[in-house]
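Participant:
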Amino acid sequence: MFFCGTCSVMSEKQRSAELPVVWVLLVCAVSLVYANVEEDEAVCTPQHVHIAYGDALDRMVIVWATRGNCTTLLEFGTSPWQLDQHAAGTSVEFWEQNFRGLHIIHLVELTDLAASATYFYRPISNNIGKGPFYFKTPRTDLGWSPEFLVFGDLGVHTQTIPTLVEEALKGEYTALLHIGDLAYNLKDGDGLIGDQFMQLIEPVAAYLPYMTAPGNHEIDSDTFTHYAHRFSMPQSPWPMSVNKLWYSFDVGPVHFVSYSSEVFFTLEGSLVQKQFDWLVADLKKANAQRNERPWVIAFGHRPMYCSANDGDDCTKNDSLVRTGLEDVFYHFGVDIVLQGHEHNYERLYPVYKGVVVATNYTNPPAPVQIISGAAGSKHGIDRFQPPPQPDWSAVRVDNTSLNSYGRLHVINSTHVYWEQRSIFDGAVLDELWIVQHRHGRFQLDDLPHNVSQEIGQNLVTYGGVSGFLDEEDSEQNKEELVNSDKSRRIAIGVSFAVLFTMLVVVAVVTKACRRKQYTTVRRWEAMDLDYGKKLFTAGKDEDDDLEKDFEIDMGNGNLQSRKLLSVLNNK
Numbered sequence: 001m002f003f004c005g006t007c008s009v010m011s012e013k014q015r016s017a018e019l020p021v022v023w024v025l026l027v028c029a030v031s032l033v034y035a036n037v038e039e040d041e042a043v044c045t046p047q048h049v050h051i052a053y054g055d056a057l058d059r060m061v062i063v064w065a066t067r068g069n070c071t072t073l074l075e076f077g078t079s080p081w082q083l084d085q086h087a088a089g090t091s092v093e094f095w096e097q098n099f100r101g102l103h104i105i106h107l108v109e110l111t112d113l114a115a116s117a118t119y120f121y122r123p124i125s126n127n128i129g130k131g132p133f134y135f136k137t138p139r140t141d142l143g144w145s146p147e148f149l150v151f152g153d154l155g156v157h158t159q160t161i162p163t164l165v166e167e168a169l170k171g172e173y174t175a176l177l178h179i180g181d182l183a184y185n186l187k188d189g190d191g192l193i194g195d196q197f198m199q200l201i202e203p204v205a206a207y208l209p210y211m212t213a214p215g216n217h218e219i220d221s222d223t224f225t226h227y228a229h230r231f232s233m234p235q236s237p238w239p240m241s242v243n244k245l246w247y248s249f250d251v252g253p254v255h256f257v258s259y260s261s262e263v264f265f266t267l268e269g270s271l272v273q274k275q276f277d278w279l280v281a282d283l284k285k286a287n288a289q290r291n292e293r294p295w296v297i298a299f300g301h302r303p304m305y306c307s308a309n310d311g312d313d314c315t316k317n318d319s320l321v322r323t324g325l326e327d328v329f330y331h332f333g334v335d336i337v338l339q340g341h342e343h344n345y346e347r348l349y350p351v352y353k354g355v356v357v358a359t360n361y362t363n364p365p366a367p368v369q370i371i372s373g374a375a376g377s378k379h380g381i382d383r384f385q386p387p388p389q390p391d392w393s394a395v396r397v398d399n400t401s402l403n404s405y406g407r408l409h410v411i412n413s414t415h416v417y418w419e420q421r422s423i424f425d426g427a428v429l430d431e432l433w434i435v436q437h438r439h440g441r442f443q444l445d446d447l448p449h450n451v452s453q454e455i456g457q458n459l460v461t462y463g464g465v466s467g468f469l470d471e472e473d474s475e476q477n478k479e480e481l482v483n484s485d486k487s488r489r490i491a492i493g494v495s496f497a498v499l500f501t502m503l504v505v506v507a508v509v510t511k512a513c514r515r516k517q518y519t520t521v522r523r524w525e526a527m528d529l530d531y532g533k534k535l536f537t538a539g540k541d542e543d544d545d546l547e548k549d550f551e552i553d554m555g556n557g558n559l560q561s562r563k564l565l566s567v568l569n570n571k
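FYI, our numbering numbers position 258 of the sequence shown as 258, with every residue one higher than the one before it.
1. Can you check which of these residues, 178, 356, 51 and 278, is closest to residue 213 by C-alpha distance?
2. Alpha carbon to alpha carbon, how far is residue 289 from residue 273? Give it in angstroms, no decimals.
3. Below 8 Å on the Cβ atoms is my contact criterion, and I expect residue 251 with residue 350 to pass it. Report the Cβ-Cβ distance as a whole number of Å.
4. Just confirm the distance between the C-beta atoms of residue 226 and residue 194, as a whole number of angstroms; I'd bet it's less than 8 Å.
5. Considering just the uninterrupted stretch of the beta strand (DSSP E) at residue 262, what are its terminal residues?
6. Is DSSP giving residue 382 helix, strand or coil here?
7. Mark residue 303 as exposed unless 16 or more other C-beta atoms lie within 10 angstroms of its C-beta, in which case mark it buried.
8. If residue 154 sits next to residue 375, beta carbons under 8 Å apart, how far is it from one beta carbon to the other, in whole angstroms?
9. How would you write the range of the alpha helix (DSSP H) that residue 440 sits in, first residue to last?
10. Please look up how many angstroms separate the CB atoms of residue 85 and residue 76, rounded, as I've assumed it's under 8 Å.
11. Note down the Cα distance separating residue 389 from residue 91, rounded to an integer number of angstroms.
12. Measure the beta-carbon distance from residue 385 to residue 404 and round it to whole angstroms, keeping in mind my assumption that it falls under 8 Å.
13. Spell out the partners DSSP gives residue 88 in its beta bridges.
14. Under a Cβ-count criterion, where at least 16 other Cβ atoms within 10 Å of its own Cβ denotes burial, should residue 285 be classed as buried or exposed?
15. Under 8 Å by Cβ, that's how I've got residue 191 and residue 97 pegged, so tell me the actual separation to the nearest angstrom.
16. Using a threshold of 8 Å, is the CB atom of residue 342 nearer than that to any non-hydrogen atom of the ligand NAD?
17. Between 67, 341, 129 and 134, which has its C-alpha nearest residue 60's C-alpha?
18. Could you name each continuous beta strand (DSSP E) segment of 3 residues or more that falls completely within the segment 349-395, going from the start of the chain to the end?
19. State the Cα-Cα distance for the pair residue 572 and residue 266, rounded to the nearest angstrom.
20. So, using beta-carbon positions, are residue 455 and residue 353 closer together than 9 Å?
21. Verify whether the separation of the beta carbon atoms of residue 295 and residue 370 is less than 9 Å.
22. Indicate the three-state DSSP secondary structure (helix, strand or coil) for residue 114 in the structure shown.
23. Just to confirm my understanding: we take residue 167, look at its own chain, exclude 5 residues before and 5 after, and list those with CB closer than 7 Å. What are they?
24. What do you reckon, are the CB atoms on residue 228 and residue 208 nearer than 9 Å?
25. When burial is assigned at 16 or more other CB atoms within 10 Å of the CB, is residue 64 buried or exposed?
26. Work out the CA separation of residue 325 and residue 88 for me, nearest whole Å.
27. In angstroms with no decimal places, state the Cα-to-Cα distance between residue 50 and residue 444.
28. Taking C-alpha atoms, which residue in 169, 102, 181 and 281 lies nearest to residue 158?
29. Would residue 102 be called buried (16 or more neighbouring beta carbons within 10 Å of its own) or exposed?
30. List the endpoints of the continuous alpha helix (DSSP H) containing residue 273.
31. When you compare each of 122, 104, 100 and 269 to residue 110 by their alpha carbons, which one comes out closest?
32. Given a threshold of 16 other Cβ atoms within 10 Å of its Cβ, counted over all protein chains shown, does residue 572 qualify as buried or as exposed?
33. Can the beta-carbon of residue 240 be found less than 9 Å from the beta-carbon of residue 249?
34. Tell me whether the beta-carbon of residue 372 lies closer than 9 Å to the beta-carbon of residue 345.
35. Under the rule that 16 or more other beta-carbon atoms within 10 Å means buried, what is residue 656, buried or exposed?
36. For residue 577, which three-state DSSP category applies?
Here's what the structure looks like:
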């Protein structure tokens, strides 16, 4: 009994002694779990969330970044309380010019989405999620009126983003169009400025498809590396290739074309031709569907024309962008061209080859060009050239345009409404109705004679060509072209053969004639007696004692002497 009691007492003492150890182990385990969770949260929390259209309207691409190498998963569904669908994705490491930025970029593409449906989604990395966010897929029919927010040259110093957030939350807009120059610059601070910008734009770009075009501040030593990794656009691999920074997409009655104006300013000259070939093919396809989707709207960074007082490419008559794009946009009937780069706002009359072809916007016979590059950058405003402004410049706003953006509302197949709006009190800086009942290719033959003449005169003055070399039938008539080429080759070959034969004949005849010729020297002799007509003697050219007064007969020696003729003439 004593023994058992002693054992019982010892057991209680042992248990009392072991209790703190258990608690310590439990606390350590919990702390370790929390430490791991905190570490995951620090390196795996999704950041910089933004979306873009995929290759079709039933696809959406979601991109985010993490500091650590974490997993890539997306939860989504049609209710914020029931994200019951999952999609895995891919990720890439990104270190180039990004030593201090987030190094892992994640991408998930959702497919087979229902039209005109709202989806909620939550990006997850290592079980650490963010959101939910949401987006709405576009309608697939053509009978609706999409509306877009348009802006260019938006940096971390802007005051515009809060207004864009307010606009996005209204639920009225279909997508964002950012026409170049992001962050100023994505690579600055070894990627920190890029991270700051992506965090600022997330409250807009996580809800509306963020469709972009590269600007000069994305070039990054001709690599476009930050732009190519941080964004994914339709019809391009990811990370995007410098050989394919252009794409198109359809929304409602509009075919959008995003092009790169930067191909004209990189050291890789082949990019100009690659983009040109793609533009031609894409716009041909768009024109073939013009009855169904009438509007064609292009957007890119650097303008073809501008009247800024800064000597940029768009101020020059030999503008590289104008030379490279104006004819193809005119030929294929692009309705509207949206541009940035100049930190101001400018609207042009319909213009071609520097000539105003209309002073209104009802059935404009050339593309309507708009420059909206004043969303806000650290460089401030770009002033305009002093008056008078060019004939093709309809509206110019510089001072009050800083921190402004555009609204593009495609009403129907014939009407588009545009306005440029300041973030300050929502002041409307410019508004415009574009009415087009004649969608399709523009043609010089449709212009008044005096306008066509002026275009021709400008071509003489400034150089260039009129119109566009249409290669539309090159594939259809390939056999005909090949046969024609063979015929030309044969004709050229025969011509060369005949020419060669004639040259040989001429050479032989010339050589034969030269053999018959010999040189005769005529020595003039002073005679006291009249010997009739013989006033000179013929001799060989080997004579060494020829006097200064002599003639050389290149014939057969029977020609009369010039001295004899002169004597006879003096008589």
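Glycine included, every Cβ here is placed at the ideal spot set by N, Cα and C.
Facilitator: Walking through what the data contain:
1. Start at 1 with the first residue of the sequence shown, and residue 213 comes out as number 213. Of 178, 356, 51 and 278, the residue nearest in Cα terms is 178.
2. Residue numbering aside, residue 273 sits at position 273 when the sequence shown is read from its first letter. Residue numbering aside, residue 289 sits at position 289 when the sequence shown is read from its first letter. For residue 273 and residue 289, the distance between alpha carbons rounds to 25 Å.
3. Taking the first residue of the sequence shown as position 1, residue 251 is located at position 251. Taking the first residue of the sequence shown as position 1, residue 350 is located at position 350. That belief does not hold up - the Cβ atoms of residue 251 and residue 350 are roughly 24 Å apart, past 8 Å.
4. Here residue 226 corresponds to residue number 226 of the sequence shown, with the count starting at 1. Here residue 194 corresponds to residue number 194 of the sequence shown, with the count starting at 1. That belief holds up - the Cβ atoms of residue 226 and residue 194 are roughly 6 Å apart, short of 8 Å.
5. Start at 1 with the first residue of the sequence shown, and residue 262 comes out as number 262. Premise fails: residue 262 is in no beta strand (DSSP E) and is neither H nor E.
6. Numbered from 1 along the sequence shown, position 382 holds the residue referred to as residue 382. Three-state DSSP puts residue 382 in coil, outside helix and strand.
7. Indexing the sequence shown from 1 puts residue 303 at position 303. Classification for residue 303: buried.
8. Residue 154 sits at position 154 when you count from the first residue of the sequence shown. Residue 375 sits at position 375 when you count from the first residue of the sequence shown. Between residue 375 and residue 154 the Cβ distance is about 4 Å, and since that is below 8 Å, they are a contact.
9. As a first step, residue 440 is located in the sequence shown; it is residue number 440 there, counting from the start. Run containing residue 440: none; DSSP gives neither H nor E here.
10. Taking the first residue of the sequence shown as position 1, residue 85 is located at position 85. Taking the first residue of the sequence shown as position 1, residue 76 is located at position 76. Their Cβ separation, rounded to whole angstroms, is 5 Å, which keeps residue 85 and residue 76 in contact under 8 Å.
11. Counting from one through the sequence shown, the residue named residue 389 turns up at place 389. Counting from one through the sequence shown, the residue named residue 91 turns up at place 91. Each residue's Cα considered, the two are about 50 Å apart.
12. Counting from 1 along the sequence shown, the entry for residue 385 is found at position 385. Counting from 1 along the sequence shown, the entry for residue 404 is found at position 404. Incorrect: roughly 20 Å between the Cβ atoms, too far for contact.
13. For the purposes of this step, residue 88 is identified with residue 88 of the sequence shown, where counting begins at 1. Answer is 73, bridged to residue 88.
14. Locating residue 285 in the sequence shown gives position 285, counting from the first residue. Exposed, since its Cβ has fewer than 16 Cβ neighbours within 10 Å.
15. On the sequence shown, residue 191 is found 191 positions in, with the first residue counted as 1. On the sequence shown, residue 97 is found 97 positions in, with the first residue counted as 1. With 8 Å as the limit, residue 191 and residue 97 qualify as a contact, their Cβ atoms being about 7 Å apart.
16. In the structure on display, the ligand NAD does not appear, and there are no ligands present to speak of.
17. Taking the sequence shown and counting its residues from 1, the one referred to as residue 60 is at position 60. Considering only alpha carbons, the answer is 134.
18. 368-372
19. Outside the shown range of the chain, which is 1 to 571, sits residue 572, and nothing can be said about it.
20. Here residue 455 refers to the residue found at position 455 when the sequence shown is read from its first residue. Here residue 353 refers to the residue found at position 353 when the sequence shown is read from its first residue. Contact: yes.
21. If you number the sequence shown from 1, residue 295 lands on position 295. If you number the sequence shown from 1, residue 370 lands on position 370. It is not a contact, given that the beta carbons lie outside the stated cut-off.
22. For the purposes of this step, residue 114 is identified with residue 114 of the sequence shown, where counting begins at 1. Residue 114 falls in the coil class under three-state DSSP.
23. Working through the sequence shown from its first residue, we reach residue 167 at position 167. Hits under 7 Å: 149 and 173.
24. The count along the sequence shown starts at 1 and reaches residue 228 at position 228. The count along the sequence shown starts at 1 and reaches residue 208 at position 208. Their beta carbons are not under 9 Å apart, which means residue 228 does not touch residue 208 by this criterion.
25. For this step, residue 64 is matched to residue 64 along the sequence shown. Label assigned to residue 64: buried.
26. Taking the sequence shown and counting its residues from 1, one reaches residue 88 at position 88. Taking the sequence shown and counting its residues from 1, one reaches residue 325 at position 325. Cα-Cα distance, rounded: 40 Å.
27. Your numbering for residue 50 matches position 50 in the sequence shown. Your numbering for residue 444 matches position 444 in the sequence shown. Taking the straight line from one Cα to the other gives about 43 Å.
28. Taking the sequence shown and counting its residues from 1, one reaches residue 158 at position 158. Minimum Cα distance to residue 158 is reached at 181.
29. The count along the sequence shown starts at 1 and reaches residue 102 at position 102. It counts as buried.
30. What you label residue 273 is simply residue 273 of the sequence shown in a count that begins at 1. Unbroken alpha helix (DSSP H) run through residue 273: 270-288.
31. As a working note, residue 110 is residue 110 in the sequence shown. Comparing Cα-Cα distances from residue 110 to each of 122, 104, 100 and 269, the minimum goes to 122.
32. An answer regarding residue 572 cannot be provided, because it is not within the stretch 1 to 571 covered by the chain.
33. Counting from one through the sequence shown, the residue named residue 240 turns up at place 240. Counting from one through the sequence shown, the residue named residue 249 turns up at place 249. No, they are not a contact pair.
34. Taking the first residue of the sequence shown as 1, we reach residue 372 at position 372. Taking the first residue of the sequence shown as 1, we reach residue 345 at position 345. Going by C-beta atoms, residue 372 is nearer than 9 Å to residue 345.
35. With the chain running from 1 to 571 in the structure shown, residue 656 is simply not present.
36. Coverage of the chain is limited to positions 1 through 571, which leaves residue 577 absent and any answer about it impossible.
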